[in-house]
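A quick write-up on the structure given underneath.
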Amino acid sequence: MDHRTENLILHFVTEDDLAEVARTWPADHHPISDAQARKAIAHMRRNYGRNTRGHICHLCLAVCPADDPHKIMGWCGLDGSRDPAEPEIFILLDEAYRNRGYGTQCVKELLRIAADYALSGVHGGCAKENAASARAMEKGGMVQYGAEENGDPLFRFCVKQ
Numbered sequence: 001m002d003h004r005t006e007n008l009i010l011h012f013v014t015e016d017d018l019a020e021v022a023r024t025w026p027a028d029h030h031p032i033s034d035a036q037a038r039k040a041i042a043h044m045r046r047n048y049g050r051n052t053r054g055h056i057c058h059l060c061l062a063v064c065p066a067d068d069p070h071k072i073m074g075w076c077g078l079d080g081s082r083d084p085a086e087p088e089i090f091i092l093l094d095e096a097y098r099n100r101g102y103g104t105q106c107v108k109e110l111l112r113i114a115a116d117y118a119l120s121g122v123h124g125g126c127a128k129e130n131a132a133s134a135r136a137m138e139k140g141g142m143v144q145y146g147a148e149e150n151g152d153p154l155f156r157f158c159v160k161q
């Protein structure tokens with residue numbers, strides 16, 4: 001099931017998305033082969049099945065414009081590799097789509113998804129120079145609670161059960 005925001009669709013990829021995944025994966029957007037895209041899709045699909053209530057292995061969603069749902073403009077999700085009950089949020093948008101409020105929409109929807117999965121919280125961080133990402137996390141509902149040794153801000157959202 002895809003998730004919708006005001007202007008976006010956060011999309012669970014399938015084999016039907018092969019051409020767009022090949023065009024946009026990984027986040028640096030250097031095109032990959034169809035075989036590599038099939039592997040990436042299979043990996044994401046396996047992870048979708050491993051995510052359960054209270055536990056996120058890895059949830060990777062394609063970010064698509066609501067008016068063009070077959071175009072991938074970036075990626076977002078929750079990564080539970082450190083702590084499946086309190087995964088880390090990630091948002092990677094193509095440069096052309098940054099500073100338009102899409103990051104904030106992704107944060108809000110990912111936090112709603114975290115509540116649906118009954119997670120206890122969500123963590124996030126960004127480079128201290130990346131004011132737009134920090135602003136998106138704060139506008140989306142996360143609170144800065146500290147910083148890394150290098151000054152990069154750390155954010156958290158506590159999911160209310």
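Using this note's numbering, the first residue of the sequence shown is number 1, and each one after it goes up by one.
Virtual Cβ for every residue (Gly too), placed ideally from N, Cα, C.
- The closest CA to that of C57, considering only V63, S33, E88 and R38, is found on E88.
- The distance from the Cβ of V63 to that of C106 is about 6 Å, consistent with a contact at the 8 Å cut-off.
- Annotation: the segment 25-110 contains the following complete segments of the alpha helix (DSSP H) (minimum length 4 residues), in chain order: 34-50.
- As far as DSSP is concerned, V159 takes part in no beta bridge.
- Only residues of its own chain outside the window of five on either side were considered, and among them R38 and I41 have a CB closer than 8 Å to the CB of E15, listed in chain order.
- Partner residues in the beta bridge of V122, as assigned by DSSP, are F157.
- Rounded to whole angstroms, the gap between the alpha carbons of P69 and G146 is 37 Å.
- Rounded to whole angstroms, the gap between the alpha carbons of E20 and P31 is 9 Å.
- In the structure shown, the three-state DSSP call for G140 is helix.
- By the Cβ-count criterion, M137 is buried, with 16 or more other Cβ atoms from all chains shown falling within 10 Å of its own Cβ.
- For the 7 Å CB-CB criterion, A66 and N7 form a contact.
- In this model, A114 and D34 are separated by some 31 Å (Cα to Cα).
- Within the same chain, Cβ atoms closer than 7 Å to the Cβ of R82 are found at E88, the five residues on either side in sequence being excluded.
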